[in-house]
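Here is the structure we will look at.
Take a look at the structure:
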């Protein structure tokens, strides 16, 4: 009986530990994927704005007036060859900062979850040992 309880308890703790590690790993990866998706969307918008400028010669004169409302995260700069379209570095820095903040949040939540797991495991071990001692003392009493 005692071996079965220990095995059951060990399996439960191992399962919770694996769940906590997987949860932290998965959500950290999702935060990275979301940041990469936003950067990819901006790169696609950059290509789209470049195509619009090349397709409509009227946009060469004042690209900020026509395209800036639709693409607020892009910078339009005049060059010798026409108009250069770049992603605003401040927006990229903001996306990267948000990605770091989300990764940090998930890692701290994971550590907190593991601390709760350790505390709960300690309580379970204490109650299990108390139950075993109680059964032993009851058998000695009878």
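Numbering (our numbering), first residue to last: 208 to 349.
Built from N, CA and C at the ideal position, the CB exists for glycine as well.
Buried or exposed: where does residue 260 fall if 16 or more other Cβ atoms within 10 Å of its Cβ makes it buried? buried
In terms of DSSP beta bridges, what is residue 281 paired with? 294
Would you kindly work out how many angstroms separate the C-alpha atoms of residue 254 and residue 246, rounded to a whole number? 13 Å
Excluding the 5 residues flanking residue 249 on each side, which residues of the same chain have their C-beta closer than 6 Å to its C-beta? 280, 294
Whole-angstrom C-beta distance between residue 256 and residue 274, which should lie under 8 Å: 5 Å
Inter-residue Cα distance where the pair is residue 210 and residue 327: 20 Å
Here's the rule I'm using: 16 or more other beta-carbon atoms within 10 Å means buried, otherwise exposed. How should residue 242 be labelled? buried
Relative to the alpha-carbon of residue 231, which residue among 337, 333, 319, 218 has its alpha-carbon at the smallest distance? 319
Taking contact to mean 3 or more Cβ pairs, one atom from each stretch, closer than 8 Å, check whether the region 221 to 237 and the region 309 to 325 are in contact. yes
Once you ignore the five residues that flank residue 217 on each side, which residues in its own chain have a CB closer than 7 Å to its CB? none
Would you please verify whether the beta carbon of residue 261 is less than 9 Å from any beta carbon of chain B? Looking for chain B here will not work: only one protein chain is present.
Could you spell out where the alpha helix (DSSP H) holding residue 264 opens and where it closes? Premise fails: residue 264 is in no alpha helix (DSSP H) and is neither H nor E.
Excluding sequence positions up to five away, which residues of its chain have a Cβ less than 8 Å from the Cβ of residue 299? 246, 249
Quick test of your reading: residue 283 and residue 270, contact by CB under 8 Å. State the CB separation rounded to the nearest angstrom. 4 Å
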